[in-house]
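*Asks:*
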Amino acid sequence: MGFLSGVLGAVKNENEVTTYDNYIEKKLNEVLDEVNNNIGSGRDGLVEAVGAVKGWLEGYDKKLQEKTNNVTKHLDTLSKNIETNINDVNSFISYNVFQQRDACRLMATKMAADVNQSKEALKQLDNNAQNMLTPPLNSIHQAVDAFTKSAENNDLQVLNTTVREQLANLKTLLEGEVAARVNEMATNIDNAFEKKIHGPLKQINSELGRVKVALEGWISKAKKVVKAAMNKCNEIIKKLDGTTGTDDPEKRKAVEIAAEALRAKAQKLFDAADSVKNEIGSWVGNATGKVGDLDLALRKDLYDIKNSIKESMWDYITVDILPQFNVVKDKVGENETRKTKDAGNINHNWEELKKKITEYSNDIYKHEMNGVSGHIARIITNMGTYAGKFTEEGFKATVKEWIINIVNDENEYVNDKLQKYLENNYGQVSHTYKNADGTNDITDTFRNLIAQVIVQKLQNEVIKDIDRMVTPLLEAADDKINQYLQAVQMGCDQLAGGLEGVIEAKRVAQMSYDD
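Position in the sequence shown (first residue = 1) + 5 = our numbering.
#1: On the criterion of 16 or more Cβ atoms from any shown chain inside 10 Å, does residue 18 qualify as buried, or is it exposed?
#2: Residue 436: buried (16+ other C-beta within 10 angstroms of its C-beta) or exposed?
#3: Is residue 207 near the ligand ATP, with its Cβ less than 7 Å from a heavy atom?
#4: Report the rounded CA-to-CA distance for residue 174 versus residue 101, giving the unit in angstroms.
#5: Evaluate the contact criterion for the segment 407-414 versus the segment 425-440: three or more CB pairs, one atom per stretch, below 8 Å.
#6: With respect to the alpha helix (DSSP H) encompassing residue 451, which residues constitute its N-terminal and C-terminal limits?
#7: Express the C-alpha separation of residue 445 and residue 213 in angstroms, rounding to a whole number.
#8: Helix, strand or coil for residue 377? Go by DSSP, reduced to three states.
#9: Distance check for residue 137 and residue 47, CA to CA, integer angstroms please.
#10: Answer yes or no: do residue 116 and residue 83 have a C-beta to C-beta separation smaller than 8 Å?
#11: Is residue 441 helix, strand or coil by DSSP?
#12: State buried or exposed for residue 166, treating a residue as buried only when at least 16 other CB atoms are found within 10 Å of its CB.
#13: Which first and last residues belong to the alpha helix (DSSP H) in which residue 57 is found?
#14: Say whether the segment 136-155 touches the segment 171-187, bearing in mind that this needs 3 or more beta-carbon pairs closer than 8 Å, one atom from each stretch.
#15: Could you compute how far the alpha carbon of residue 169 sits from the alpha carbon of residue 94?
#16: Let's test the definition: count the other Cβ atoms within 10 Å of the Cβ of residue 197 and tell me whether it reaches 16, buried, or not, exposed.
#17: Taking the alpha helix (DSSP H) that residue 424 falls in, what are its first and last residues?
#18: Measuring straight from C-alpha to C-alpha, what distance separates residue 455 and residue 207?
#19: What span of residues does the alpha helix (DSSP H) with residue 475 cover, start to end?
#20: In whole angstroms, what separates the C-alpha of residue 92 from that of residue 194?
#21: Mapping DSSP to helix, strand and coil, what is residue 342?
#22: Where does residue 62 land, buried or exposed, given buried means 16+ other C-beta within 10 angstroms?
#23: Would DSSP call residue 19 helix, strand or coil?
#24: Rounded to whole angstroms, what is the Cα-Cα separation between residue 205 and residue 176?
#25: Roughly how many angstroms separate the alpha carbons of residue 350 and residue 163, rounded to a whole number?
#26: Quick one: grab the DSSP three-state call for residue 145.
#27: Given this structure, state the Cα-to-Cα distance separating residue 222 from residue 422, to the nearest angstrom.
#28: Please classify residue 405 as buried or exposed, where buried requires at least 16 other C-beta atoms within 10 Å of its C-beta.
#29: To the nearest angstrom, report how far apart residue 34 and residue 85 are at their CA atoms.
#30: Do the CB positions of residue 123 and residue 80 come within less than 8 Å of each other?
#31: Could you check what DSSP says for residue 204 in three-state terms: helix, strand or coil?
#32: Alpha carbon to alpha carbon, how far is residue 521 from residue 452?
#33: Would you call the CB atoms of residue 74 and residue 129 closer than 8 Å?
#34: Please check the pair residue 474 and residue 499, which I expect to be a contact at CB under 8 Å, by giving their CB distance rounded to whole angstroms.
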């Protein structure tokens, strides 16, 4: 019992003992007094002393475990969550950069809380345990603190804000530039159409009206002359009926025959003048109508071009540019090296962003690339394809479509002339273009044949000239939209001028209804 008292007395002031003795209900000094009091009391005293020591040792061990667990349990939580945190970080790839930042900050806050609680619990251990555990705990704290600072990366936030502002400015400038170009192009097309096509067509229409008035005036005067001649003939006949004093029956008979012949011819001339007047009126009316049809067809084609270009440009902005712009805006700052030492470096991220912007710019402008086809390149290609229709074969097909629409129109004047032609030339017309039942009704194949003949005549005098003017412009266009538009405008100018030349030369008027 004396040995037991000596051992307890030797350790009672040690820090490893006093630290945890403070938490035990029955202090070590009380136990030591009890042991000393039982020295020399025999077996019963020994049992009582040993029981007191045992109780104190059990209390010491319990408090030691409790205080130690207060330190380790938070470190265990931190250790167990590491794998989960790694998986969570990998899952952040689907987030935008600000969502990733917020998620990492929350994760860093929880990790820092575990470390801080462990450090607080460490203060309740003895000095020797504190000295042993403080360095590794500080290392853990430094690592967590570094992660927290990375999550609070202000440089990345500044970069993101700057890029967002620059992209917003770029979007505004791009939309403004496209709108200005489209409006300018639309204005130029309208002005060119009005000056080169619509204006001359209106002038032709006006000239036709003046010709009609002049012809009507001439016919009216001719009718007066013929009427006067007929009146003179009637006077001569009346005189020959007995009012004159001639006694030569042969002369009287000769004069009578000549006067009757003159009156008959005058009546024919009178009737012919009426027929010419009606025919000219019908011809001018139909010519005016067809000029209007051609005017409408050209206007519709140019209107469709203008709207198609506008729609293509705005579709390109809303469908192709804006989604890519939003992807860049949401993903800015992300790159495949986020886990490397350069992940938080502002210069590194900026270089990555410039690469992405270059990549998207190439997708917009370049003709050939590995990714998405260049959208402006597609617009240029489609514009070149449309302009190519103004070469000989393409434009011939367009004009043929216009002529077919006119020939197929349920117009009484057109149907009447086609019917007369078919009746007058029925024997020469191939059976391919006739009705199977042998009637003289006009067939669609016959209408298409007439349209083809008219197109061929226009091709020889108008379309070939257009091809000679437009083809060199298309070959020198070098994929420039404005040069394609110049080629189209040149084609329209040549068409208007060619039609005007044909009308002025009266080659249309020289065509018979049997051609």
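We put the CB at the ideal spot given by N, CA and C, even for glycine.
*Replies:* Concretely, from the data shown:
#1: exposed
#2: exposed
#3: No copy of the ligand ATP appears in this structure; indeed no ligand is present at all.
#4: 21 Å
#5: no
#6: 449-463
#7: 34 Å
#8: In this predicted model, residue 377 has a pLDDT of only 44, less than 50, meaning its place in the structure is not dependable enough to derive any value.
#9: 44 Å
#10: yes
#11: The answer is coil: DSSP assigns residue 441 none of H, G, I, E or B.
#12: exposed
#13: 47-96
#14: no
#15: Their backbone Cα atoms lie some 24 Å apart in a straight line.
#16: Burial check for residue 197: the Cβ neighbour count within 10 Å reaches 16 or more, so the residue is buried.
#17: That run of the alpha helix (DSSP H) goes 417-429.
#18: 27 Å
#19: Taken as a continuous stretch (DSSP letters only), the alpha helix (DSSP H) holding residue 475 covers 469-480.
#20: 60 Å
#21: Residue confidence is low: residue 342 scores 49 on pLDDT, short of 50, so the model does not pin down where it sits. Its coordinate-derived value is still stated next. Coil, per DSSP.
#22: exposed
#23: Three-state result, residue 19: coil.
#24: 43 Å
#25: Note on residue 350: pLDDT 46, under 50, position unreliable in the model; the coordinate value appears next. Cα to Cα, the separation comes out at about 12 Å.
#26: In this structure, residue 145 counts as helix in the three-state DSSP scheme.
#27: 27 Å
#28: buried
#29: 42 Å
#30: Closer than 8 Å, so yes.
#31: Helix at residue 204.
#32: For the chain, the structure presents residues 6 to 520; residue 521 sits outside this window and is missing.
#33: no
#34: 5 Å
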